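Enquirer: Sharing a structure with you now.
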Amino acid sequence: MRYMSRPHLIGSAALALVVGATSACGTSGPGEESGGGSEGGLEVWALEDATVNPIVQQGIEQFNESSDVSAELTTYVNDAYKQKLQVAMGSPNAPDVFFNWGGGNLAQYVNSDQVVNLSPYMEDDPELRESFLPSVLDVAEIDGEYYGVPMLGVQPIVLFYNKQVFEDAGIEPPETYADLLDAIDTFKEQDIIPVSLAGAQGWTELMWLEYLTDRLGGKGVFDAIAAGEEGSWQDPALLEALSMCRDLAERGAFGSNFSSIDYDNGSASSLLASGKAAMMLMGTWELGTQTDRNPEFVESGNFAYTDFPTMEDGEGEPNAIVGNPSNYFSINSDTENEEAAVDFLTNTVTSDQYVEGLIEAGQVPAVEGIEDQFSSSDTPEFSEFTYNLVSDAPSFTQSWDQAVDPATAEAMLTNLQQVFLGDTTPEEFGEAMEQQR
Amino acid sequence: MSQAARVERPGILWAAPALVFFGLFGLGPVVVVAYLSFTQWNGLETPVWVGMENWQALPGDPNVGHGLLISLGLTSLCWLTQTPLAIMFGAWAAGKQRIRAVASAIFFLPLLLSTAAIALIWRALLDPNFGLAPDIGPFMGLPNGNFLGNGSIALYVIAFVILWQFLPFHMLLYQAAARDIPRNFYEAAEIDGASRLQQFFSITVPQLRNTIIASSILIIVNSMTFFETVLLLTNGGPGTATRILPLHMYFRGFSGFEMGYASAIAVVLVAVGTTLSLLIVRITGYSKMTSQREGA
Chain B
1 MRYMSRPHLI GSAALALVVG ATSACGTSGP GEESGGGSEG GLEVWALEDA
51 TVNPIVQQGI EQFNESSDVS AELTTYVNDA YKQKLQVAMG SPNAPDVFFN
101 WGGGNLAQYV NSDQVVNLSP YMEDDPELRE SFLPSVLDVA EIDGEYYGVP
151 MLGVQPIVLF YNKQVFEDAG IEPPETYADL LDAIDTFKEQ DIIPVSLAGA
201 QGWTELMWLE YLTDRLGGKG VFDAIAAGEE GSWQDPALLE ALSMCRDLAE
251 RGAFGSNFSS IDYDNGSASS LLASGKAAMM LMGTWELGTQ TDRNPEFVES
301 GNFAYTDFPT MEDGEGEPNA IVGNPSNYFS INSDTENEEA AVDFLTNTVT
351 SDQYVEGLIE AGQVPAVEGI EDQFSSSDTP EFSEFTYNLV SDAPSFTQSW
401 DQAVDPATAE AMLTNLQQVF LGDTTPEEFG EAMEQQR
Chain D
1 MSQAARVERP GILWAAPALV FFGLFGLGPV VVVAYLSFTQ WNGLETPVWV
51 GMENWQALPG DPNVGHGLLI SLGLTSLCWL TQTPLAIMFG AWAAGKQRIR
101 AVASAIFFLP LLLSTAAIAL IWRALLDPNF GLAPDIGPFM GLPNGNFLGN
151 GSIALYVIAF VILWQFLPFH MLLYQAAARD IPRNFYEAAE IDGASRLQQF
201 FSITVPQLRN TIIASSILII VNSMTFFETV LLLTNGGPGT ATRILPLHMY
251 FRGFSGFEMG YASAIAVVLV AVGTTLSLLI VRITGYSKMT SQREGA
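Listed in order, the protein sequences are those of chains B and D.
Counting in UniProt numbering, the first sequence runs from 1 upward without gaps.
Counting in UniProt numbering, the second sequence runs from 1 upward without gaps.
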């Protein structure tokens, strides 16, 4: 139930084992032969997701009823998808419509002329562009042109906590960074891990750096990094945020064994659910993970959430957010059925039925004016919380590892893990990343 | 008769299927990788020739030297743990007693499991919160069960898991070889009054010499390219503490999509692996080896 692409456990293993075979037998979807850029058909690739796939599938069936071109959905597990897509896009077996994360990930394909520019279509149909939240649609904007359409809910990163644990300790969820530090000390005294952190995977640590940097130095710090400006990796706010990360680790905020805790096998989430840990910084997909793995935790009402603490003397906006604005559908420029593909994106993904389906599944679609529809959601309060968080946010910074190019992301995550472990100083991090730039 | 057969045998043709396969799947990829190591390629566009750029970047990448060191360290650890234990267990299992046959059958079980399954099972066992690690840890000086997240221990844990997985295989080699040692060597030794220990060191071990070399080459070459267990157990972590060179190549290639740079690392790996196995073959005189059986 994660929509981020991370080279992680099982999938990477699967990839390692079948790397030779994937290109030969990639399509696992049902039905007839489905070579990409397929003749007469529309191959749609997406991530495997038990709650969202049926909605997309329904949309496809609806589309097929009214179109001469028949679309077909093929899904892949999260882990290997990015690699699979990268290999396929260089070959004749590429999909017509593909799921992506926008940002640097999409830009890579745009730069090699493999994505259809959607701006002309949006100019023809201004309503289409206006139907999406601008801050979300903008992530699929590359060099001033739109190359993707949001097809899932927004996924900001929020601070989850276990209500019972806070009540037992007699404290309130932290509103400011000073509160957070106090809470950490309180929980430490009680032998509770203050914050569950899946330190075996660098991207969970990155969430802390993203928020701390944003609160300290504002949105501009990462904008400069994303733009590749000289010295941007050595911005004082970034270095300060890095040493705060290190301080948190040294203070024992993440317990003593965070570097062997994993997110994908559910350890980090179970720590929070079982009350062994009090808080966890994670994307809103955590609701799905908890519903899937620890349903009694969600039902008990102890599954609670709040926004990231504010920082009194920080320059950043106190209610700015980071995370994944959404996931996107884009069109392969090699497709033989561009019109049908555009039709699919413009009519299906924005249809009322599709949006309602997403809301029911607990997602918060990146569509304007849906706040009165959340009553149909399984978790209306959480949907409302997420929607308000996103609409009130002055900025929504995309997860850094999705926004920069893959090589930079890889180096950043590696260096960051070393900072958390104390093997590398913030200055060394800055120098290493500056070299990478 | 044999003369005639030799003349009629179409030498090259007979070797052709093997040569074509080796060329296509063995040499071919190496040549392509060597070419790619001089290019910049993200897997999407056409590779762009950049000359020596990737190669010049190699020495400046701290993870390359570090990765090579850890790879060599892991290789030595694997050899040092697997060889003596496999000889001991193999020689023991070579005995004819029923209990030994049953015990070794049970002991061979890890051979039937896939590497990925083994790594995932151990990963679950070593989970510091929900596995066995918090129960075992206190006895081993790690009260928080942080086996995989401790930079100075993680590599030993990996070596242990590899040992657990591959010991049965090498034990099988030694068992078979130990059974081939003629009984009369031991009978003669007993008449001379040699103890069991003396027999082991003066007869069994020297007689297993060829097997030791074969098994060592397998261990060393295998662990130089060892990958899945490390990827699944620690993912190269904590930090880069267990990021062996093949893993670094994978991260640069398949996470960073720097295929050209990853190819340069691959060439280094090929070179190191080949050198090592050539060295072993040379030093041990493996190529000149003859049978040591009685009457041969």
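Note that beta-carbon positions come from the ideal geometry of N, C-alpha and C, so glycine has one too.
Small disclaimer: the values here were computed from a predicted structure and weren't measured.
(1) Tell me whether residue 321(B) sits in a helix, a strand or coil according to DSSP, three-state version.
(2) Any C-beta of chain B sitting closer than 9 Å to the C-beta of residue 255(D)?
(3) Contact check, residue 74(D) vs residue 226(D) under 8 Å by CB: the rounded distance?
(4) Based on Cα-Cα distance, which residue from 304(B), 133(B), 176(B) lies nearest to residue 314(B)?
(5) Can you name the residues of chain D whose CB is closer than 7 Å to the CB of residue 428(B)?
(6) If you draw a straight line from the alpha carbon of residue 103(D) to that of residue 95(D), how long is it in whole angstroms?
(7) So, does the segment 111–129 of chain B touch the segment 363–379 of chain B, judging by three or more C-beta pairs under 8 Å?
(8) Roughly how many angstroms separate the alpha carbons of residue 247(D) and residue 351(B), rounded to a whole number?
(9) Span of the beta strand (DSSP E) holding residue 208(B)?
(10) Give, in chain order, every residue of the segment 254–268 of chain B whose Cβ lies closer than 8 Å to some Cβ of chain D.
(11) Return the residues of the segment 91–123 of chain B that lie within a Cβ-Cβ distance of less than 8 Å from chain D, sorted by chain order.
(12) Does DSSP put residue 421(B) in a helix, in a strand, or in coil?
(13) Does any residue of chain D have a CB that is nearer than 9 Å to the CB of residue 173(B)?
(14) What's the call for residue 369(B), buried or exposed, on a 16-neighbour Cβ count within 10 Å?
(15) Please say whether residue 86(D) and residue 174(D) have beta carbons closer to each other than 9 Å?
(16) Are the C-beta of residue 251(D) and some C-beta of chain B separated by less than 9 Å?
(17) Check residue 111(B) in the structure and name its three-state DSSP category.
(18) Counting Cβ pairs, one atom from each stretch, are 3 or more of them under 8 Å apart for the segment 391–409 of chain B and the segment 315–335 of chain B?
(19) Whose Cβ in chain D lies nearer than 9 Å to the Cβ of residue 41(B)?
(20) Figure out for me which residue from 212(D), 159(D), 254(D), 208(D) has the closest Cα to the Cα of residue 70(D).
(21) What residues of chain D sit near residue 284(B), judged by a beta carbon separation below 7 Å?
(22) Find the residues of chain B that neighbour residue 151(D), judging by a C-beta separation of less than 9 Å, and give them in chain order.
(23) Determine, using beta carbons only, whether residue 47(B) comes closer than 9 Å to chain D.
(24) My guess is that residue 64(D) and residue 265(D) are in contact by the Cβ rule of under 8 Å, so how many angstroms apart are they, rounded?
(25) In the DSSP assignment, find the unbroken beta strand (DSSP E) run with residue 156(B) in it and report its ends.
(26) For chain B, is any of its Cβ atoms less than 9 Å away from the one on residue 264(D)?
(27) Could you name the residues of chain D that residue 414(B) contacts, counting a contact when the two beta carbons are closer than 7 Å?
(28) May I ask you to report which of helix, strand or coil DSSP gives residue 323(D)?
(29) Which residues in chain B sit within 8 Å of residue 129(D), going by Cβ to Cβ distance?
(30) Buried or exposed: which applies to residue 155(D), given that a residue is buried once 16 or more other Cβ atoms fall within 10 Å of its Cβ?
(31) Following the continuous beta strand (DSSP E) through residue 224(D), name the residue where it begins and the one where it ends.
(32) When you check each C-beta in the segment 70–83 of chain B against every C-beta of chain D, which residues fall closer than 7 Å?
(33) Using the beta-carbon count (16 or more within 10 Å), is residue 35(D) buried or exposed?
(34) Just how far apart, CA to CA, sit residue 415(B) and residue 224(D)?
(35) Please say whether residue 173(B) and residue 306(B) have beta carbons closer to each other than 9 Å?
(36) Could you tell me which uninterrupted alpha helix (DSSP H) segments, each at least 4 residues in length, are contained entirely in the segment 5–57 of chain D, listed from first to last along the chain?
Expert: According to the data block:
(1) In the structure shown, residue 321(B) sits in a strand (DSSP, three-state: E or B).
(2) In terms of beta-carbon proximity, residue 255(D) lines the interface with chain B, with at least one pair separated by less than 9 Å.
(3) Between residue 226(D) and residue 74(D) the Cβ distance is about 7 Å, and since that is below 8 Å, they are a contact.
(4) Selected option, being the one with the closest Cα: 176(B).
(5) None at all; the shortest Cβ gap to chain D is about 10 Å.
(6) Taking the straight line joining both Cα atoms gives about 12 Å.
(7) Under the 8 Å Cβ criterion, the segment 111–129 of chain B does not count as touching the segment 363–379 of chain B, having fewer than three qualifying pairs.
(8) Here the alpha carbon of residue 247(D) sits roughly 45 Å from the alpha carbon of residue 351(B).
(9) Element bounds for residue 208(B): not the beta strand (DSSP E) but the alpha helix (DSSP H), 202–217.
(10) Within the segment 254–268 of chain B, the qualifying residues are 255, 256, 257, 258, 259, 260, 261, 262, 265, 267.
(11) Near chain D, meaning a CB-to-CB distance below 8 Å, the residues of the segment 91–123 of chain B are 108, 109, 112, 114.
(12) In the structure shown, residue 421(B) sits in a helix (DSSP, three-state: H, G or I).
(13) Residue-level contact check: residue 173(B) does not touch chain D, since none of the beta carbons of chain D fall below 9 Å from its beta carbon.
(14) When all chains shown are included, residue 369(B) counts as exposed.
(15) It is a contact, given that the beta carbons lie within the stated cut-off.
(16) Using a Cβ-Cβ cut-off of 9 Å, residue 251(D) counts as an interface residue toward chain B, since at least one Cβ of chain B sits closer than that to its own.
(17) Shown here, residue 111(B) sits in a helix according to DSSP, grouped into three states.
(18) Enough Cβ pairs lie closer than 8 Å, so yes.
(19) Chain D residues near residue 41(B): none, gap ~23 Å exceeds 9 Å.
(20) Distances from the alpha-carbon of residue 70(D) to those of 212(D), 159(D), 254(D), 208(D) put 159(D) closest.
(21) Ordered by position in chain D, no residue passes the 7 Å Cβ test against residue 284(B), which lies about 24 Å from the chain.
(22) Ordered by position in chain B, the residues that pass the 9 Å Cβ test against residue 151(D) are 259, 421, 423.
(23) Output row for residue 47(B): interface = no.
(24) Between residue 64(D) and residue 265(D), the beta carbon gap of about 7 Å places them in contact (Cβ cut-off 8 Å).
(25) Note, residue 156(B): beta strand (DSSP E), 155–162.
(26) No, no contact with chain B.
(27) Taking a Cβ-Cβ threshold of 7 Å, the residues of chain D close to residue 414(B) are 240, in chain order.
(28) Because residue 323(D) is not part of the residues shown, which for chain D are 1 to 296, the question remains open.
(29) Taking the beta carbon of residue 129(D) as reference, the chain B residues within 8 Å of it are 257, 261, 267, 270, 271, 276, listed in sequence order.
(30) Burial call: buried.
(31) Counted as a single uninterrupted DSSP element, the stretch harbouring residue 224(D) is not any beta strand (DSSP E) but the alpha helix (DSSP H) occupying residues 209–224.
(32) Taking 7 Å as the Cβ-Cβ cut-off against chain D, the residues of the segment 70–83 of chain B that qualify are 83.
(33) Residue 35(D) counts as exposed, since fewer than 16 other beta carbons sit within 10 angstroms of its beta carbon.
(34) Spanning the alpha carbons of residue 415(B) and residue 224(D) requires a straight line of approximately 25 Å.
(35) The answer is yes: Cβ separation under 9 Å.
(36) If one requires a minimum length of 4 residues, the alpha helix (DSSP H) runs lying completely within the segment 5–57 of chain D are 11–22, 28–36, 53–57, in chain order.
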